[in-house]
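Okay, so here's the structure we're looking at.
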Amino acid sequence: MDINFTARRFRAHPDIKSYAIDEVKKLEKLYDGIVRAEVILFYERSTNSLKTAEVNLHVHGTMLTAHEKSNDYVKSIDGAIEKMSMQLRKYKAKLRGKDKTKVRTIREKA
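When the sequence shown is numbered by the working numbering, its final residue is 116 and no position is left out of the sequence of numbers.
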């Protein structure tokens with residue numbers, strides 16, 4: 007899996023970068039068909055100064071995306087990873103369901 011890390015409107019501390027990359031690598035345990043991952047961290051200059059984490063996964067012709075905003079980058083990364091793990095589980099279940107229906111129709115025809 008190829009992992010790209012981008013920090014927008016600020017310079018990311020190496021600890022934050024390594025934390026984000028390690029968390030994305032854990033997603034590979036859920037589904038081994040991940041081709042590429044992108045982690046994008048934003049800093050929004052507003053009254054709240056929110057920190058946003060975005061995780062994009064490219065999986066066999068499909069792109070899954072998760073966003074999370076909070077006052078801390080670690081919380082944002084954790085929230086985005088949690089959302090992405092839910093999406094991966096749903097994606098896997100959807101794939102399993104498609105495979106089962108195809109096998110059932112083939113068996114019924116035979």
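Note that beta-carbon positions come from the ideal geometry of N, C-alpha and C, so glycine has one too.
Here the structure is a predicted model, which is why all the values come from computation and not from measurement.
Contact between L33 and S82 does not hold, since their C-beta atoms are separated by about 16 Å, which reaches or exceeds 8 Å. For the options T58, K96 and Y37, the alpha carbon positioned closest to that of I22 is the one of T58. Shown here, L36 sits in coil according to DSSP, grouped into three states, outside any helix or strand. Between V65 and I9, the C-beta spacing is not below 8 Å. In this structure, the beta-carbon distance from Y79 to L47 falls below 8 Å. The C-alpha of D38 lies about 31 Å from the C-alpha of R17. Just measuring C-alpha positions, the residue of A13, L63, R51 and T12 sitting nearest V30 is L63. For the pair V41 and M7, the Cα-to-Cα distance works out to about 5 Å.
A residue is called buried when at least 16 other Cβ atoms come within 10 angstroms of its Cβ; A72 meets this threshold and is buried. With respect to the 8 Å criterion, L94 and L70 are classified as neighbours on the basis of their beta carbons. DSSP places H73 inside the beta strand (DSSP E), whose first and last residues are T68 to S76.
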